[in-house]
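Undergrad: For the sequence shown, counting from 1, position 111 maps to 110 in numbering that gives the first Met the number 0; every step adds exactly one.
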Amino acid sequence: MFQTTREILQSADEGDLVRLRGWVYRKREFRDKIFIMLRDSEGVVQLVFSGQLAEDARKLNIESSIIVEGIVKVEPRAPGGKEVHVTRILWSYIGEPFPINVSAAQADSEYLLDVRHLWIRSRKMWAMLRIRHTVFNAIHEYFRMNGFYEVQCPIFVSAAVEGGATLFPVKYFDRTVYLTQSAQFYLEALIFSLEKVYTVAPSFRAEPSRTRRHLTEFWHAEAEMAWSNMYDVMKISEGLICHIVRRVLDERLEELSILGRDVEKLEKVRPPFPRVLYDEAIEILKKKGLNVEWGSDLGADEERILMQEFETPIHLYGFPEQIKAFYHKNDPQDPKRTLSVDVLAPEGYGEIIGGGERIEDPNQLIEKIKRFGLDPKDYDWYIDLRRYGSVPHAGFGLGVDRLVMWICGLDHIRDAVPFPRDIRRVAP
Ligand code: ATP
Ligand code: MG
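(1) Between residue 232 and residue 408, what straight-line distance do the alpha-carbon atoms span, to the nearest angstrom?
(2) Which residues have their C-beta within less than 7 Å of a heavy atom of the ligand MG, listed in chain order?
(3) How far does the beta strand (DSSP E) with residue 45 in it extend, from its first residue to its last?
(4) Output the distance between the C-alpha atoms of residue 174 and residue 66, rounded to the nearest integer angstrom.
(5) Answer yes or no: do residue 239 and residue 141 have a C-beta to C-beta separation smaller than 7 Å?
(6) Compute every distance between the C-beta of residue 142 and the non-hydrogen atoms of the ligand ATP, then say whether any falls below 6 Å.
(7) Output needed for residue 390: all residues of its chain with C-beta closer than 7 Å, excluding positions within five of it in sequence on either side, in chain order.
(8) What are the partner residues of residue 137, as DSSP defines its beta bridges?
(9) Near residue 33, which residues of its chain fall below 7 Å by C-beta distance, leaving aside the five closest residues on each side in sequence?
(10) If residue 336 sits next to residue 392, beta carbons under 8 Å apart, how far is it from one beta carbon to the other, in whole angstroms?
(11) What ranges does the alpha helix (DSSP H) occupy inside the region 202-269, keeping only unbroken runs of at least 4 residues that lie completely in it?
(12) Can you name, in chain order, every residue of its own chain whose Cβ lies under 7 Å from the Cβ of residue 129, other than the five neighbours on each side?
(13) I'd like the span of the alpha helix (DSSP H) that includes residue 4, first residue to last.
(14) Closest to residue 319 by C-alpha separation, out of 331, 59, 373, 313, would be which residue?
(15) Please state whether DSSP places residue 421 in a helix, a strand or coil.
(16) Starting from residue 176, trace the beta strand (DSSP E) both ways and give me its first and last residue.
(17) Find out if the Cβ-Cβ distance for the pair residue 203, residue 178 is shorter than 7 Å.
(18) Taking only runs of the beta strand (DSSP E) that begin and end inside the region 39-98, which ones reach a length of at least 3 residues, in chain order?
(19) So is the beta-carbon of residue 305 under 6 Å away from any non-hydrogen atom of the ligand ATP?
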């Protein structure tokens, strides 16, 4: 039987004989003793080695793996208030000296990306990975609680959803196909069978520029709902975000604190999110001196400035037709704008969700495809969905890595992912 570091700190008593296994996180000598911070998947605990055992422990490197037996002592000076006085080393693998030197490494983030396969052992990566785990779990929980069916969509596709420029071509026997940019079209097909569907899967986009919020491979949580409109998207997406943030606050306070996250800011994330018409956003940005007009697309810089005005996420809605993909339904009251909505995260983070109502009428859809300079033949099966029992429907896509980046308070999306891919990097 082994105890985890967490079990020791939470429930072991003075004098208990325990067995622990893990990796050497820190090591220091004091008089004739060796103090080792032992790390496992649950946390860290201080081990104390003395006598002959100190001689053995001295040989261990940072990141050497060990299994020990020892006696629990209450020690207010130890992190977590307890330590384990080792009585036996049951197993050890000393290995080679660990190559990452924390202070040099902090100075050079490219180096940390080169050694990401080892750096994921660090406390910050550990904390992020555990938060990420909770986020994915909460996404599934929320959709299932709200009557959505989970579905799986293809990764190889033959047409663009988000636009041809960011497609990754793949050699597929004797022709070229693409990696999926979004499961949306398939989810739209599936609502005619299951009404409310969701999927959590990778999307691929050949993003040409390096930014703090774009990866070439990212995790996308997408939902599509029959008999629904833009306001349903607002309700479900805000419910989803609030549920995820609540779960992280309930389960991951220690991890948030390791990341230095200001938890008060996350506590403010409650429904309803402010609903901001695109036109109001343009006015706010103009007042701040930005050179934007009705019809301008908002990039990361504009969104960052806009989101300094708000303490919670917002729904930004009613975007002009020309800055949204062809499938967005135009507002019948005001046809130059679409019934589209993005969720923007506060503290300057910007867009985390994009969604809205889809065109349900086949003729309107064909007309708009042509107006956008596209060929209806390329969207044949997508148009087909409107030919048989079409219904009003709406949906959205959440960028899970961007959400994790905001919840963790990270500067760069690549630190929200264990093995990031961007324009320059596909290894490790
Ligand atoms: P942006 O304008 O920031 O490039 P987008 O409008 O192209 O994003 P959507 O097509 O609306 O993005 O995709 C839905 C969500 O997926 C976005 O709100 C975002 O959270 C996420 N997302 C999109 N592209 C990327 C990417 N390259 N890397 C990480 N997440 C992304
Ligand atoms: Mg978008």
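Virtual Cβ for every residue (Gly too), placed ideally from N, Cα, C.
TA: Well, looking at it:
(1) Looking at the two C-alpha atoms, the distance is approximately 25 Å.
(2) This selection yields 341, 350, 353.
(3) Start and end: 42-48.
(4) Distance from the CA of residue 174 to the CA of residue 66, rounded to the nearest whole angstrom, comes to 54 Å.
(5) Yes, the Cβ-Cβ distance between residue 239 and residue 141 is below 7 Å.
(6) Checking the Cβ of residue 142 against the ligand ATP gives no.
(7) The answer, listed in chain order, is 225, 226, 359.
(8) Looking at the DSSP assignment, residue 137 forms no beta bridge with any residue, so it has no partner.
(9) So the qualifying residues of the chain are 26, 48, 53, 56, 57.
(10) Going by Cβ atoms, the distance from residue 336 to residue 392 rounds to 19 Å, so no, they are not a contact pair.
(11) Runs of the alpha helix (DSSP H) inside the region 202-269: 229-250, 252-257, 262-266.
(12) In the same chain as residue 129, and ignoring 5 residues on each side of it, the C-beta atoms closer than 7 Å to its own belong to 251, 254, in chain order.
(13) Counting along the chain, the alpha helix (DSSP H) containing residue 4 begins and ends at 4-10.
(14) Minimum Cα distance to residue 319 is reached at 331.
(15) In this structure, residue 421 counts as coil in the three-state DSSP scheme.
(16) Unbroken beta strand (DSSP E) run through residue 176: 174-178.
(17) Their beta carbons are under 7 Å apart, which means residue 203 touches residue 178 by this criterion.
(18) Entirely contained in the region 39-98, the beta strand (DSSP E) runs reaching 3 residues are, in chain order, 42-48, 64-73, 81-92.
(19) The answer is no for residue 305.
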